[in-house]
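Protein chains in written order, with numbering that gives the first Met the number 0: chain E, 0 to 383; chain W, 0 to 252; chain B, 0 to 375. Structure first, commentary second.
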Amino acid sequence: MELLLDSLFNGVAIGSVLLVAALGLAIVFGLMGVINLAHGELMMLGAYTTYVTQLIFKLPILKPFYNSYIIVSIFLAFIVSGVVGILLEKTIIRKLYGSPLETLLATWGVSLILQQFVRSVPLAYGTGLVISLLIALFLPTIFPLKIKESINFKYYKFSTWIFAALTGVLTGSLISSSVSKLSRASARNVDVTAPSWMRGQVEIIGTTFPKTRLMIIVITLISVIAITLFLNQSAWGMRIRAVTQNRQMSDCLGISTEKVDIITFGIGSGLAGVAGVAVSLLGSVGPNVGGNYIVGCFMVVVLGGVGNLLGTVFASFGIGIMTDLIGAGRLLSIWPDMPLPLSNTINFFATTSMARVMIFALIVIFLQFKPTGLFPQKGRMVEN
Amino acid sequence: MRGIMDNTDLLNLIDITVSFEGFLALNKLNLNLKKGELRAVIGPNGAGKTTFLDVITGKVKPTKGEVIFKGKSLVGRKEHKIARLGVGRKFQSPRIFENLTVKENLEISVTTPKSPLNLINKSIKDEQINEIERLMKIVNLAQKVDSKAGSLSHGQKQWLEIAMLVGQKPDLMLVDEPVAGLTDEETDLTADLLKSLSGENTVVVIDHDMEFIRRLDSNVSVLNQGTVLCEGTMETIQKDQKVIDVYLGRPED
Amino acid sequence: MSFSKIKFDKKIVLSFWIILIALIIAAPTLLPVFRLNLLGRYLSLSIVALGVDLIWGYTGLLSLGQGIFFALGGYCAAMYLQITSSSEFPNNIPEFFALYGVEKLPFFWEPFRSPIFTFFAIWIIPALVAGLIGFLVFRNRIKGVYFSILTQASLLVFFNFFNGQQKLINGTNGLKTDVTQLFGQMVGSESMQRIFFWITAILVIAAWFFAKWVVKGRFGNILIGIRDDEPRVRFTGYNPVIFKTIIFSIAGGLAGISGALYTVQSGIVSPQFMTVPFSIEMVIWVAVGGRGTLLGAILGAVFINYAKSLVSEALPASWMFIQGGLFILVVTALPEGVLGWIQGDGPRNLLQRFGLKRKIETYPSLEVNNNEGNNG
Ligand SMILES: Nc1ncnc2c1ncn2[C@@H]1O[C@H](COP(=O)(O)OP(=O)(O)OP(=O)(O)O)[C@@H](O)[C@H]1O
Ligand SMILES: [Mg+2]
């Protein structure tokens with residue numbers, strides 16, 4: 000019983016990382032049909048954001064609030080990855096709607112660039128760049144209507160770009176001079192240390208459970224609830240769903256599909272950032288950290304059925320629990336005296352990487368019977 | 000009584016029901032076609048006309064009912080098997096291979112057997128080349144042999160697709176809206192072409208263009224909400240009160 | 000897609016061939032062995048690129064898992080080389096087994112004692128594996144990005160398997176071939192490398208002709224038909240599953256040959272051949288060269304890899320930026336690749352932009368006056 004509970008908890012923990020990582024992907028892929036191979040790198044940006052936030056919170060003025068840096072970094076990571084995602088949408092992905100294979104290749108290019116970016120640009124200036132992007136992209140949208148409609152709008156826009164660039168350089172050098180760890184480019188992995196209240200274990204129904212894992216489950220839970228509420232209750236959520244179902248019709252009804260695309264993609268990317276925070280709590284953070292998750296995320300989305308959040312949830316936990324069962328050889332401890340050939344097979348797959356082999360193979364077999372996943376999308380548009 | 004096999008029947012649809020998550024696109028549809036018949040099918044948008052072709056060609060599996068073609072059931076067969084049995088289809092919007100030339104498009108349709116082995120190591124048979132030439136003359140594309148099909152005009156594309164359909168030598172031709180977007184003259188030519196094809200082949204034509212249907216001078220089935228509302232010649236149809244209500248409307252003047 | 004393609008002159012084609020053959024014969028004497036070896040490797044990569052072009056350029060199947068078949072070919076070759084050269088080692092089995100305390104050769108190594116078996120295994124095993132994976136996926140009408148994702152997942156399955164199995168296949172370390180013997184000579188020796196270069200060059204040309212033969216005529220047209228409108232092909236009476244399976248397994252076989260040639264020239268095969276980035280790179284070679292043009296695939300593979308080695312030697316950090324930019328650029332600005340662009344209207348438009356060549360238009364009478372006005 001205890002063993003089973005153990006296994007369940009571990010599975011849920013693995014699954015919740017997968018879920019929070021796959022959530023953004025499921026939204027972007029499911030609602031927009033966009034395959035974003037840079038999703039892993041957006042996660043990586045989120046993880047680096049956590050690291051930068053942590054270091055900044057070690058500065059004397061912020062030191063008293065150090066314990067809350069992880070909460071702050073969740074929001075910051077959402078914003079950072081979201082902004083980069085929006086930039087991506089505006090510059091590249093928009094040109095490629097309707098050609099998913101091309102999008103896939105282009106976003107792979109983006110992922111290479113992002114990886115190299117964190118290697119060869121000091122994080123302080125990277126932060127500065129994100130801040131200027133943020134200003135340049137958002138300041139014009141909050142201008143009063145009068146300015147927006149005036150013929151001189153492009154000059155206003157231009158000056159925001161200048162302002163953004165200056166602010167970016169300034170914050171960049173400020174951070175660089177005050178946090179020496181951020182002032183040099185480095186390809187080495189960095190470590191995020193959890194604040195003291197998150198270290199250690201808690202005891203739940205007789206089994207111990209690391210607090211960081213619990214935190215990840217909480218982050219996942221909040222993300223899933225927030226995104227479900229947003230999609231189902233808010234006006235923009237409704238617009239997004241409308242565009243998903245019939246783009247032309249929504250366009251005709253006066254929904255700005257362009258804005259909807261930006262918001263959808265921004266949210267999907269932002270969620271990748273949140274996932275990055277979760278990932279940073281699990282191990283060291285490096286340029287390749289996202290790549291470890293991306294294929295797993297895609298498997299979750301495919302298995303769950305594209306465009307179905309419930310499916311994503313089920314698939315994540317399903318894969319999580321299976322990974323634990325196979326990877327830790329749990330079946331053996333649950334049923335110690337099973338016949339030899341069987342136990343040999345189980346031992347053969349009882350490593351993390353072999354568990355992966357097994358799981359992917361199982362998914363491919365599963366898709367033989369249900370090619371459209373657990374919860375298939377229905378309707379006419381699916382066929383073509 | 001409907002639904003009973005008649006030995007001159009080429010196709011029987013027996014109580015076909017298609018449900019898309021509870022929405023009945025076809026509802027107990029019955030329809031029989033005789034060998035060599037030309038049949039027009041009309042009906043308002045969403046009546047289920049295209050779905051009816053989807054069921055015959057295997058694209059949609061009926062929720063209930065049977066499709067009997069040449070005495071064999073088609074339900075559950077793969078699309079390409081049904082096509083090889085002798086069911087050819089022209090789609091609602093022209094679907095040709097735009098990156099291939101007109102000739103290559105026709106080659107694809109006339110080639111038999113349609114196995115990879117045959118395609119890769121045998122060259123095309125003489126009689127098939129003759130057939131292609133004949134088809135190109137019929138549809139007036141002889142000058143366009145080596146142009147990419149994508150560069151054809153809309154009307155020419157429609158005709159190329161009809162030629163591809165004929166080249167497949169099907170016993171049953173299903174033609175979905177062949178004259179959408181054609182000029183009146185082209186429409187008349189198409190009607191004559193389809194008429195000349197019937198007799199030897201069995202042809203089902205779907206369209207909204209009443210002039211065109213009239214010119215076909217054939218039996219007409221009216222579909223509405225997934226069932227056959229009425230069947231008969233153009234005259235009987237036009238007088239039928241139900242048909243007037245749901246589809247034709249009253250004459251306006 | 001452009002509808003008019005420039006047909007190359009017969010004479011140009013002939014002189015191209017003469018120059019090419021002359022270069023291949025001369026290369027081993029002209030180039031230092033290091034460069035020759037690099038060129039040989041890039042040429043062997045162009046064979047896997049041809050396969051990618053067949054499945055992606057012609058049939059529209061974007062596989063992100065060609066590394067599987069590439070590596071399988073490499074492993075087949077390396078296993079043979081290791082066994083034949085293991086007579087001095089304990090138990091007469093390859094040296095690495097001793098590290099893990101393995102005393103008996105795992106069963107699947109046995110057939111690789113035979114050179115004939117190996118010769119066929121190099122391309123047949125990858126082709127069969129590709130055929131099996133392809134059939135399972137195509138049968139369920141999984142296509143487009145789903146196909147890409149599943150091939151990538153399969154790649155990871157193979158990677159993890161090979162990476163984790165030290166006792167069977169030496170895991171992460173891979174199998175070295177450069178110190179093994181073939182026909183009494185060391186595989187890594189200069190004379191052997193020269194021979195491998197020639198073999199590679201000949202096989203590239205053979206693969207090219209083979210690919211040409213596959214795509215010309217009706218078979219190739221069906222592939223294009225599947226790419227552009229698969230349901231239509233089906234309703235015409237063809238079974239796309241068979242066609243796709245065949246072409247995918249042909250591409251797998253080509254990848255296997257490519258991998259074997261690459262292995263003997265780079266001296267090692269390892270799970271690194273099955274990493275995610277490498278398989279996606281193969282796609283970019285074809286994309287840059289020109290998908291749907293076979294020559295483009297070959298040239299793309301050779302030139303991009305050459306550029307990669309040049310740039311990485313000079314500025315190691317910038318290659319990732321360049322490569323990333325290349326992906327974005329080719330997809331957004333040059334979807335037909337360089338060769339596709341040259342064969343299409345690209346150069347004419349460019350020359351015209353610089354006022355060098357007059358635009359050829361379908362309606363000369365209308366346009367000539369305009370142009371005259373512009374230029375005069
Ligand atoms: N795959 C599907 N999923 C859900 N509903 C479908 C699907 N295919 C068709 N329908 C619905 O079935 C009904 C019949 O569609 P169908 O295309 O057969 O109409 P039609 O008679 O051909 O119309 P039109 O004259 O406009 O071509 C429509 O309401 C359509 O929305
Ligand atoms: Mg219709």
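Built from N, CA and C at the ideal position, the CB exists for glycine as well.
- Ligand 1 has no heavy atom closer than 7 Å to the beta-carbon of Gly180(W).
- Against chain E, the CB of Phe116(B) has no partner CB under 8 Å away; the residue lies outside that interface.
- The residues Leu331, in chain order, have a CB closer than 8 Å to that of Ser342(E) in the same chain once the five nearest residues on each side in sequence are set aside.
- Of the heavy atoms belonging to ligand 2, none sits nearer than 7 Å to the Cβ of Lys147(E).
- Listed by position along chain W, the residues whose Cβ is nearer than 7 Å to that of Tyr79(B) form an empty set, because the closest Cβ is around 31 Å away.
- Per DSSP, the continuous alpha helix (DSSP H) segment holding Gly125(E) begins and ends at Leu122 to Phe137.
- Between Ile134(E) and the set Val120(E), Leu122(E) and Ile85(E), the nearest pair of CA atoms involves Ile85(E).
- Taking C-beta atoms under 8 Å as the contact rule, Gly258(B) and Leu338(B) fail to qualify, at a distance of about 25 Å.
- Residue contact check for Ala250(B) against chain E: no CB pair falls below 8 Å.
- Nearest CB-CB separation between Asn139(B) and chain W: not below the 8 Å threshold.
- The DSSP-derived three-state label of Val203(W) is strand.
- Put simply, the residues with a CB less than 7 Å from any heavy atom of ligand 2 are Lys48(W), Thr49(W), Gln91(W), Asp175(W), Glu176(W) and Ile205(W), in chain order.
- A direct Cα-to-Cα measurement between Thr48(E) and Gln165(B) gives close to 38 Å.
- Ile121(B) places its beta carbon 8 Å or farther from that of Ile246(B).
- Taking C-beta atoms under 8 Å as the contact rule, Leu325(B) and Ile283(B) qualify, at a distance of about 6 Å.
- Non-local beta-carbon contacts of Ser269(B) in its own chain, meaning distances under 6 Å to residues more than five positions away in sequence, involve Gly173 in chain order.
- For Thr235(B), none of the residues of chain E pass the 9 Å Cβ criterion, the least Cβ distance being about 17 Å.
- Taking 7 Å as the cut-off, the C-beta of Phe158(B) does not count as close to any heavy atom of ligand 1.
- Look at Phe96(W) here: in three-state DSSP terms it is coil, with no helix or strand label.
- In this structure, Gly289(E) is the residue among Ala360(E), Met353(E) and Gly289(E) with its C-alpha nearest to the C-alpha of Val19(E).
- With its beta carbon at least 8 Å from every one in chain B, Ser342(E) lies outside the interface.
- A contact between stretches requires three or more CB pairs, one per stretch, nearer than 8 Å, and the segment 36-50 of chain W meets this requirement with the segment 198-218 of chain W.
- Counting only the Cα atoms, Asp53(W) lies some 40 Å from Val275(B).
- With contacts defined by Cβ atoms closer than 8 Å, Ser278(B) and Gly64(B) form a contacting pair.
- In the three-state scheme derived from DSSP, where H, G and I count as helix and E and B as strand, Lys69(W) is classed as coil.
- For a cut-off of 8 Å, the C-beta gap from Val117(E) to Met43(E) is around 7 Å, short enough to register as a contact.
- In the DSSP assignment, Cys229(W) is bridged to Val221(W).
- Judged by the Cβ position, Gly42(W) qualifies as a neighbour of ligand 1 at the 7 Å threshold, a heavy atom of the ligand being closer than this.
- For Pro230(B), there is no enclosing beta strand (DSSP E); the residue is found in the alpha helix (DSSP H) stretching over Gly216 to Phe234.
- Taking a Cβ-Cβ cut-off of 8 Å, the neighbours of Ala316(B) in chain E comprise Gln115, Arg118 and Ser119, given in sequence order.
- For Ala46(E), the enclosing alpha helix (DSSP H) begins and ends at His38 to Phe56.
- Below the 7 Å Cβ cutoff, chain B contributes Phe326, Ile327, Val330 and Thr331 as neighbours of Ala105(E), in chain order.
- Distances taken from the Cβ of Phe374(E) to the heavy atoms of ligand 1 include none shorter than 7 Å.
- Listed in chain order, the alpha helix (DSSP H) runs fully inside the segment 286-332 of chain B are 293-313 and 317-331, counting runs of at least 4 residues.
- Arg231(B) has a beta carbon lying within less than 8 Å of a beta carbon in chain W.
- Contact between the segment 234-244 of chain B and the segment 98-109 of chain B is absent: fewer than 3 CB-CB pairs across the two stretches fall below 8 Å.
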